Amino acid sequence: MNIEPTQLEKAVLLKVTGRMDAENAHEFEEACERWITHGTKHVIADLDGLQYVSSMGLRCFLSVAQKLQSTSGSLILCGLHGLPRQVFEMTRLIGLFPVFETTLQAIATL
Amino acid sequence: MEPSRLTLPASAVSMPAFTRFVRQGAIAAGIAEDEFEKLDLVLEEILINVARYAYTPQTGAVEVAYAQAGPHKLRVEIADFGRVFNPLEADPPDLSRGLVDRPIGGLGVFLVRSLVDSIDYRREENRNILSFTFPMAAGSSGV
Chain A
119 MNIEPTQLEK AVLLKVTGRM DAENAHEFEE ACERWITHGT KHVIADLDGL
169 QYVSSMGLRC FLSVAQKLQS TSGSLILCGL HGLPRQVFEM TRLIGLFPVF
219 ETTLQAIATL
Chain B
15 MEPSRLTLPA SAVSMPAFTR FVRQGAIAAG IAEDEFEKLD LVLEEILINV
65 ARYAYTPQTG AVEVAYAQAG PHKLRVEIAD FGRVFNPLEA DPPDLSRGLV
115 DRPIGGLGVF LVRSLVDSID YRREENRNIL SFTFPMAAGS SGV
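Order-wise, the sequence lines are chains A and B.
Each residue of the first sequence is one higher than the one before, starting from 119 at the first, in our numbering.
Each residue of the second sequence is one higher than the one before, starting from 15 at the first, in our numbering.
If you want it as structure tokens, here you go:
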């Protein structure tokens, strides 16, 4: 898994590519926490290049979203497709996040 | 058909080797390639549970075996030598909760049940054995 951050005016965009599994999911949570500690309110996760996510990854998405919600921020998901979209749908987590097709659409809402 | 077997330590480090191993079976059984990541997910969830609940704090071995179970079907068996642990006894997660009070966790077994057919657990001598058929039969809801 690779995480590439881009700082935006009102958010940070994290482009996540590859496979998020039990071994590396914590890296995503830690990356988000570093930005949150520095005052970031909104994290936009661009998941267009994410091929795989297991329950450990889902835990991290949920945990980050809960932290951001407590500071009136949000974790926004973009580009979900394939297996990652299926697992977000099966677990009904998809309804708990703002979800957009593209990062441009997500940025426009902030 | 004689099953193929692979035994490795119960650890996330063994995941890539187990994944490659079972994918060989999936290819031989003629399972569609777009199902492979679901199979990876099922294996990961089961193996992580074994490492965490059947063995912690000590570690041990896991044996994964597969055999073709009909056209485009694979029967997979995962055995460990840890304490008695039946992941299928876990309460199903409450998927109706909102973001604030949605419990973190419990989704792994739920995903496994949602993606496979006829999963069952048995304790045989000193082993936990979880076996399932993959993929989910067409038209079966699973959940």
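No residue lacks a Cβ here, since even glycine has one placed at the ideal position from N, Cα and C.
Predicted model only: the values in this text are computed from it and were never measured.
Secondary structure at threonine 221 of chain A: helix, using DSSP grouped into helix, strand and coil. Boundaries cannot be given for phenylalanine 215 of chain A, as no beta strand (DSSP E) includes it and DSSP labels it neither H nor E.
Contact residues of the stretch 38 to 71 of chain B toward chain A are Glu51, Lys52, Asp54, Leu55, Glu58, Glu59 and Ile62 (C-beta to C-beta distance below 8 Å).
The beta-carbon of arginine 152 of chain A is placed no less than 8 Å from the nearest beta-carbon of chain B. With a beta-carbon spacing of about 5 Å, alanine 93 of chain B and isoleucine 143 of chain B fall inside the 8 Å limit used to define contacts. Burial state of alanine 31 of chain B is exposed, judged by a 10 Å Cβ sphere holding fewer than 16 other Cβ atoms. Annotated three-state conformation of glutamine 184 of chain A is helix, per DSSP.
Neighbourhood of arginine 116 of chain B in chain A, by CB distance below 7 Å: Leu180 and Leu214, in chain order. Take the alpha-carbon of leucine 102 of chain B and the one of glutamate 127 of chain A: they are about 47 Å apart. At a cut-off of 8 Å between beta carbons, serine 190 of chain A makes no contact with chain B. At least one C-beta of chain A is nearer than 8 Å to the C-beta of methionine 29 of chain B. Under the Cβ criterion of 8 Å, threonine 209 of chain A is counted among the residues facing chain B.
Leaving aside the five residues that flank arginine 136 of chain B on each side, the residues in its chain whose CB is nearer than 6 Å to its CB run, in chain order, Ile143. Leucine 20 of chain B is positioned such that its CB atom lies no closer than 8 Å to that of alanine 75 of chain B. Annotated as distal: valine 205 of chain A and leucine 165 of chain A, with beta-carbon spacing of 8 Å or more. Counting only Cβ-Cβ distances below 8 Å, aspartate 139 of chain A has contacts in chain B at Ala26, Met29 and Glu58, in chain order. The beta carbon of valine 217 of chain A sits closer than 6 Å to the beta carbons of Leu195 from its chain, once the five residues preceding and following it are set aside; these are given in chain order.
Contacts with chain A at 8 Å (Cβ-Cβ) include leucine 121 of chain B.
Counting only runs of 3+ residues, the beta strand (DSSP E) found wholly inside the stretch 87 to 147 of chain B occupies 88 to 94 and 131 to 138, in chain order.
Following the DSSP letters along the chain, one finds alanine 75 of chain B inside the beta strand (DSSP E) bounded by residues 75 to 82. Neighbourhood of serine 145 of chain B in chain A, by CB distance below 8 Å: empty, with the nearest CB roughly 20 Å away. Between alanine 140 of chain A and isoleucine 62 of chain B, the C-beta gap is smaller than 8 Å, which places the two residues in contact.
Taking a beta-carbon distance threshold of 8 Å, arginine 177 of chain A counts as an interface residue toward chain B.
Here the C-alpha atom of glutamine 187 of chain A lies approximately 39 Å from the C-alpha atom of alanine 151 of chain B.
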